[in-house]
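There are 2 protein chains.
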Amino acid sequence: MHRFRVFGLFVDAPLDTAAQAVSFWSAALHAKPRVADGDDTYTRLTGALSGLEMEVQAVNDQPRYHVDIETDDVEAEALRLIRLGATVVSRPPGWYVLRAPGGHLLCVVKVQSDPEFFDANSREVG
Amino acid sequence: MHRFRVFGLFVDAPLDTAAQAVSFWSAALHAKPRVADGDDTYTRLTGALSGLEMEVQAVNDQPRYHVDIETDDVEAEALRLIRLGATVVSRPPGWYVLRAPGGHLLCVVKVQSDPEFFDANSREVG
Chain A
2 MHRFRVFGLF VDAPLDTAAQ AVSFWSAALH AKPRVADGDD TYTRLTGALS GLEMEVQAVN
62 DQPRYHVDIE TDDVEAEALR LIRLGATVVS RPPGWYVLRA PGGHLLCVVK VQSDPEFFDA
122 NSREVG
Chain B
2 MHRFRVFGLF VDAPLDTAAQ AVSFWSAALH AKPRVADGDD TYTRLTGALS GLEMEVQAVN
62 DQPRYHVDIE TDDVEAEALR LIRLGATVVS RPPGWYVLRA PGGHLLCVVK VQSDPEFFDA
122 NSREVG
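Protein sequence lines, in the order shown, are assigned to chains A and B. Numbering of the first sequence is given in our numbering, commencing with residue 2 and proceeding in unit increments. Numbering of the second sequence is given in our numbering, commencing with residue 2 and proceeding in unit increments.
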């Protein structure tokens with residue numbers, strides 16, 4: 002038995018355009034940009050979406066969006082999604098990058114939200 | 002003066018994989034798939050996200066995600082985003098497809114949500 006929820010939407014912007022992407026999305030959505038603690042790869046767009054995190058991530062790749070699923074059991078959740086047809090793109094320590102049927106990226110990460118918020122908003126499986 | 006909000010996240014799946022994408026995302030997120038009224042290009046994933054619509058859209062293109070911004074003034078909202086740096090990809094009757102700085106697709110559409118929900122959750126600009 003484990004729990005999951007969609008944590009957020011990530012705007013993956015090529016390194017040389019990430020600053021422009023942060024400026025645009027924060028102004029467009031009236032969100033306050035804040036570099037994530039200890040990792041300037043991620044800029045949080047606080048208040049951009051109702052109910053979901055939104056961040057710009059600087060990537061050494063083409064522009065894309067992806068979604069993150071947060072869970073209290075990363076292995077079990079990744080396995081569930083693989084059984085549903087997702088494939089493993091990479092397996093960094095502690096999290097998974099998966100590709101869904103249809104070709105879309107999603108990551109499976111440990112719980113990022115406040116634990117009480119996660120308890121109240123996640124779904125149980127297994 | 003006009004209002005906007007992020008309406009939803011769209012999973013744009015190539016035509017030959019759209020059915021698989023619907024199966025995966027509906028099972029993965031415990032969402033009920035429902036073909037949109039009158040247009041089987043769009044399948045709503047009801048309940049997938051908290052506070053945002055999520056749909057699979059069958060496209061004659063590569064897989065991608067995009068976001069929709071809904072507004073009570075499509076022209077004014079598109080102009081606002083263009084002034085912030087977005088470029089026009091296409092201009093179908095009544096809505097815009099834009100590309101944000103950084104390379105990400107977003108659409109500007111008329112209000113799709115229930116009007117009372119839009120009133121309560123949109124932001125004012127202008």
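Don't be surprised by glycine CBs; every beta carbon is placed ideally from N, CA and C. This one's a predicted model, so the numbers in the text were calculated from it and none came from an experiment.
Under 7 Å by beta carbon: chain A residues contacting residue i
| i | result |
| --- | --- |
| B:THR88 | The premise fails here: B:THR88 is roughly 11 Å from chain A at the closest Cβ pair, so nothing lies under 7 Å. |
| B:TYR43 | Here the premise fails: no neighbours, minimum Cβ distance about 14 Å. |
| B:PRO64 | GLY103, GLY104, HIS105 |
| B:LEU1 | Nothing about residue 1 of chain B can be reported from this structure: the residues present for chain B run from 2 to 127 only. |
| B:LEU82 | ALA29 |
Contacts that residue i makes with chain B (C-beta to C-beta distance below 9 Å)
| i | result |
| --- | --- |
| A:THR18 | PRO102, GLY103, GLY104 |
Whole-number beta carbon distance between residue j and residue i, since they are thought to touch under 8 Å
| i | j | result |
| --- | --- | --- |
| A:TYR66 | B:TYR66 | 4 Å |
| B:SER51 | A:LEU53 | 7 Å |
| A:PHE5 | A:VAL126 | 7 Å |
| A:THR47 | A:LYS33 | 5 Å |
Chain-ordered neighbours of residue i on chain B, where CB pairs are closer than 7 Å
| i | result |
| --- | --- |
| A:HIS31 | ARG124 |
| A:ALA22 | ALA101, PRO102, GLY103 |
| A:VAL12 | GLY103, HIS105 |
Which of helix, strand or coil DSSP assigns to residue i
| i | result |
| --- | --- |
| A:THR42 | coil |
| B:LEU16 | helix |
| B:VAL23 | helix |
Residue i: contacting residues in chain B (beta-carbon distance under 8 Å)
| i | result |
| --- | --- |
| A:LEU50 | VAL7, GLY52, LEU53 |
| A:TYR97 | Those within 8 Å of A:TYR97 in chain B number zero; the least Cβ separation is about 13 Å. |
| A:PHE119 | Correct list: empty, because the minimum Cβ distance to chain B is about 12 Å. |
Interface residues of chain A facing residue i [CB-CB closer than 8 Å]
| i | result |
| --- | --- |
| B:PRO15 | GLY103, GLY104 |
Would you list, in sequence order, the uninterrupted beta strand (DSSP E) runs of no fewer than 3 residues that lie entirely inside the segment 47–107 of chain A? Taken in chain order, the complete beta strand (DSSP E) segments of 3 residues or longer contained in the segment 47–107 of chain A are 54–60, 65–72, 88–91, 97–100.
Is the segment 48–68 of chain B in contact with the segment 6–13 of chain B, if contact means three or more CB pairs nearer than 8 Å? In short, these stretches touch, since the Cβ pair count reaches three.
Okay, do the segment 104–116 of chain A and the segment 71–88 of chain A touch, 3+ Cβ pairs below 8 Å being the bar? Judged by Cβ distances under 8 Å, the segment 104–116 of chain A makes contact with the segment 71–88 of chain A, as three or more pairs qualify.
Please determine if the segment 17–28 of chain B and the segment 94–109 of chain A are in contact, where contact requires at least 3 C-beta pairs separated by less than 8 Å. Taking 8 Å as the limit for Cβ pairs, the verdict is that the segment 94–109 of chain A does touch the segment 17–28 of chain B.
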